[in-house]
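One rule links them: number in the working numbering = place in the sequence shown (from 1) + 67.
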Amino acid sequence: MSKSRFQRPPTPKTDSLFPGCLIVSGDLASSLPLEHTIVKAEITGPLADVSVTQHFTNPLREPAELTYLFPLPHTAALSSFEIRLGSRVIHGELQELETARRAYEDAVQQGQQAGLAEQRMEGLYSVSLANVLPGEAIYAIFRYHERIKFDDNAYEFVLPMGLTPKYHSPLHPEEGDGVDAPLATPGERIGDVSIEVLLHPGLPYGDPTSPSHHLAIEETREGGLRIYLASPALPDHDFVLRLPVTTVENVLSAWRATGENGDYFLAILQPPDIRSETTEPLPRQFIFVLDRSGSMGGQPIAQARNALRACLRTLNPGDEFALQLFDNVVEWYKPAFTPVTQSEVDAADRFLAMVEGRGGTEIVGALHEALTFSKTNAEKLRYVVFLTDGAVSADERSLREINRLLGSARLFTFGIGPSVNRPLLSRIASLGRGTSEFLQLDEDIEGAVIRFQDRLAFPALTDLQLSAENVKLWDIYPSPLPDAYVGQPVVVTGRIKTSGDYTQRLTLKGQRAGEPMEIHFGLPYAADNPAVTHAWAQARLDTLIERSQQEGKSSERSRSEIIGLALDYHLASPYTAFVAIDRDSRISDGKPRRVRISQPLPQGLEIAGFSGHPRALMSQMVSLSMPPTPSPRGKQSKDMNMSVDYSIAPDMDLPAFMRKRPQHVSDTEAALPANPQDLLRLLARAQKLDGCWEEDVEHTAIALLFFLRQGQTTTRGSFRVAIQRASLWLRQHPASGLAELARLQALVELERSFGQNPDIAWVQTKLKPNITPEENALLSHLLAGEPLLQTSQIVTADELRLAALAGQKLSITSNPAQWFPPEWAAVWKALVDQA
């Protein structure tokens with residue numbers, strides 16, 4: 068078998084024509100031809116119209132063929148491609164894939180300048196530019212439409228940037244054909260990216276934010292916003308823009324576009340928010356699957372460990388959990404489900420602390436083992452939660468395995484990393500009737516976990532059906548309509564035909580918490596809106612492609628349907644491509660030198676995770692607790708830490724990129740966080756399942772106070788479960804002295820978060836304080852919002868405690884760590900500093 072496309076020669080050879088160029092498989096590989104990328108997007112409501120302009124030059128002394136891989140959103144409808152050479156513009160023509168490739172190759176042979184743009188995988192495209200003259204500038208311009216995601220009361224516009232190298236199974240090397248780009252060498256010049264987003268008025272957007280990049284924001288004359296990068300960025304991690312929306316329950320928006328054979332519509336319903344309801348879900352089973360492969364090494368694996376710890380702490384008594392780790396080998400924490408107890412969660416924490424990145428990403432084996440794991444207590448609803456970057460090329464095999472084995476289980480995914488495989492992880496969640504979350508490095512883990520728990524407690528809307536009045540409906544997608552989860556709207560697109568001037572109305576029926584609910588909405592007037600038309604066409608195209616993937620091979624009928632739809636609506640697909648040829652050009656008679664444009668390793672990933680030899684790697688693998696007993700494929704060992712080996716036989720030559728163990732990133736190495744949000748996360752991961760911290764009333768009370776004063780409540784924010792459990796524990800554990808004052812103050816401030824204003828009588832009746840007359844006087848001052856200290860400086864531990872309870876901002880003359888353990892000193896100090 069051939070070597071991996073990601074494996075460089077031991078000593079890279081520098082081409083004499085220009086610096087920074089490597090020889091890879093007979094071709095040149097360098098980042099130099101890509102000078103700059105310009106992205107411009109216009110967003111109106113949920114629809115984005117995006118253009119991507121890539122500026123290339125030929126740094127060689129001879130004509131060149133430039134080839135480049137780049138990601139686009141997996142929901143994008145790529146509708147046009149053109150190349151520009153000086154003042155000349157050559158428009159791309161959409162053709163069947165084989166026809167487009169032949170036309171491009173013929174143009175190359177004839178010395179004509181040409182471009183070819185094709186889809187390699189869902190969300191991954193390639194562009195080839197032939198016969199580019201030495202020193203010549205050439206521009207490749209793409210345009211796509213996209214329905215942007217709405218999640219947790221915010222629209223989210225994502226521009227994928229950077230490519231995490233994919234693992235290709237040695238038993239299925241064909242999956243990796245054409246999806247690899249050379250990695251740029253350290254220090255190599257990388258063409259930067261500028262991004263501009265025009266946000267049109269129409270919905271009440273809040274302040275735009277980005278967890279990935281620094282933004283600059285200006286108002287436009289039309290009342291919209293111009294959002295752009297504060298400075299050009301390297302294409303080494305995804306750009307994420309979040310646009311919060313102020314909505315009320317059951318908000319529905321609809322858009323309509325005119326067409327030759329009827330009109331198209333897009334409707335979005337925001338489901339009701341049921342976060343404040345206290346219904347507890349029935350006992351459940353959770354299987355957490357953690358990707359420990361080499362691409363997760365470094366910060367992604369540390370982020371995944373923290374996400375998993377947060378997940379474990381939101382489980383309820385009566386739930387059960389199992390932990391699976393996978394790379395080349397699938398390993399289980401225990402051979403059966405584990406009850407949710409404090410001792411078991413603590414033991415799982417210790418287990419997770421030893422997890423490092425290593426090995427390849429055999430995700431199909433991991434799916435198989437997770438979906439066939441212990442079938443005891445089959446009456447409990449089962450949730451399988453994947454934490455991974457999805458850096459594989461086995462997308463189709465993964466989806467087929469889910470179709471074969473899913474049963475009644477639900478699948479949820481957490482995509483963790485700078486440039487994750489969003490298409491695959493979104494498909495897994497959709498097929499598994501769950502949801503997907505995507506986290507940049509160092510992003511809010513607990514918020515994502517809270518959303519996950521909200522959604523799996525129970526759907527907000529079920530049994531959805533769409534009907535029409537005086538309107539004919541057909542080709543509705545998705546079909547059937549899915550359940551709607553909290554924070555995620557129902558998005559429906561379809562075709563309609565009307566007759567006469569009768570009132571046109573659609574009706575959405577469903578169940579909310581077992582009660583029927585019916586929502587009516589009128590359709591707007593049709594307009595020339597290609598984004599709506601393309602949204603429907605892309606939804607149908609995705610449905611046809613998914614059906615053919617699940618069948619394992621594309622039938623001629625499926626292929627013809629996909630090609631026909633793509634050509635009718637001028638959309639790229641797996642079986643169509645854009646080809647642009649300058650028929651008037653004649654550059655040379657010989658074949659141009661090919662340059663494959665190299666790309667940087669995504670931000671935060673370890674280069675060691677993508678190099679090395681597998682046999683050395685396999686000899687380094689060690690068990691996390693006890694040596695795993697080798698077991699036949701598909702079988703489970705009886706040992707505590709059982710493993711199933713999905714690696715290849717030792718005498719096979721692994722064609723995937725090779726992985727070593729990156730340096731372990733400890734979750735406790737960093738200094739105590741100064742950022743309040745980071746301190747909140749640290750507290751949340753240290754909380755016990757019963758709601759307390761260290762079984763200590765005062766620690767639990769000041770932790771609760773800290774959450775509340777950061778704007779977190781039981782109905783708002785990312786730590787609702789932590790706050791609810793802490794408040795219940797404090798109500799059941801009275802104390803004395805300052806600890807009791809802290810307990811009372813925390814519970815009073817919790818009541819105030821509900822809009823209540825407790826007084827002394829309420830405290831005496833509801834909380835039954837255990838305090839002395841002197842402490843009762845202090846409590847009266849606290850309830851009145853009065854300071855407890857008549858000083859400007861804090862010099863003792865008790866003064867720090869009183870100032871924190873009263874919210875007095877005073878200077879601290881000593882290091883609080885001399886009075887309290889470091890983590891609690893940080894909390895006390897933060898309560899005073901931020902008063």
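Built from N, CA and C at the ideal position, the CB exists for glycine as well. Quick caveat, the model's predicted, so the values are computed rather than measured.
Between residue 666 and residue 871, the alpha-carbon positions lie close to 51 Å from each other. When the alpha-carbon of residue 476 is set against those of 494, 351, 363, 409, the nearest one is in 351.
The segment 144-159 makes no contact with the segment 406-426: fewer than 3 CB pairs, one atom from each, lie closer than 8 Å. Inter-residue distance for residue 769 and residue 810 is about 8 Å (C-alpha atoms, whole angstroms). Every beta strand (DSSP E) of 3 residues or more that sits fully in the segment 186-222 is shown, in chain order, as 191-199, 204-214, 216-218. Here DSSP, grouped into helix, strand and coil, assigns residue 522 to helix. Less than 8 Å separates the beta-carbon of residue 481 from that of residue 374.
For residue 889, the enclosing alpha helix (DSSP H) has its first and last residue at 889-900.
Restricting attention to 196, 142, 111, the CA atom closest to the CA of residue 659 is found in 196.
Put simply, of 441, 447, 440, 487 the residue whose alpha carbon is nearest the alpha carbon of residue 459 is 487.
Between residue 437 and residue 354, the C-beta spacing is below 8 Å. Per the C-alpha coordinates, the member of 604, 804, 645 positioned closest to residue 208 is 645.
Of the residues 172, 218, 264, 535, the one whose Cα lies closest to the Cα of residue 522 is 218.
About 15 Å separates the beta carbons of residue 100 and residue 120, which is beyond the 8 Å limit, so they are not a contact pair.
With fewer than 16 other beta carbons inside 10 angstroms of its own, residue 885 counts as exposed. Two segments are said to touch when three or more pairs of C-beta atoms, one from each, lie closer than 8 Å; by this definition the segment 569-584 does not touch the segment 290-302. The beta carbon of residue 599 lies closer than 6 Å to those of 322, 324, 331, 333 in the same chain, with the five residues before and after it left out. Residue 102 sits close to residue 258, with the two beta carbons spaced by under 8 Å.
The beta carbons of residue 760 and residue 753 sit closer together than 8 Å. Residue environment for residue 247: buried (at least 16 other C-beta atoms within 10 angstroms of its C-beta).
According to DSSP, residue 426 shares a beta bridge with no other residue. If you draw a straight line from the Cα of residue 263 to the Cα of residue 506, it comes to about 22 Å. The continuous beta strand (DSSP E) containing residue 589 extends over residues 582-589. When C-alpha distances from residue 144 are compared across 653, 845, 601, 107, the shortest belongs to 601. Shown here, residue 280 sits in coil according to DSSP, grouped into three states, outside any helix or strand.
Where residue 530 is concerned, the enclosing beta strand (DSSP E) starts and stops at 529-536.
Sequence-distant partners of residue 283 (beyond 5 residues in either direction) whose C-beta falls short of 6 Å from its own C-beta, in its chain, are 295, 297.
With a cutoff of 8 Å on beta-carbon distance, residue 431 and residue 468 are scored as near each other. If you check the CB distance, residue 182 and residue 194 come in under 8 Å. When the five nearest sequence neighbours on each side are left out, the beta carbons in the same chain lying within less than 8 Å of the beta carbon of residue 859 are those of 877, 878, in order along the chain. Taking a C-beta distance under 8 Å as the contact criterion, residue 814 and residue 868 do not qualify as a contact pair. In the three-state reduction of the DSSP assignment, residue 171 falls in the helix class, which pools H, G and I. The Cβ neighbour count for residue 440, taken over all protein chains shown within 10 Å, is at least 16; the residue is labelled buried. Between residue 812 and residue 849, the C-beta spacing is below 8 Å. Fewer than three pairs of CB atoms, one per stretch, sit closer than 8 Å, so the segment 157-167 makes no contact with the segment 231-251. The C-beta distance from residue 266 to residue 310 rounds to 7 Å, short enough to meet the 8 Å contact threshold.
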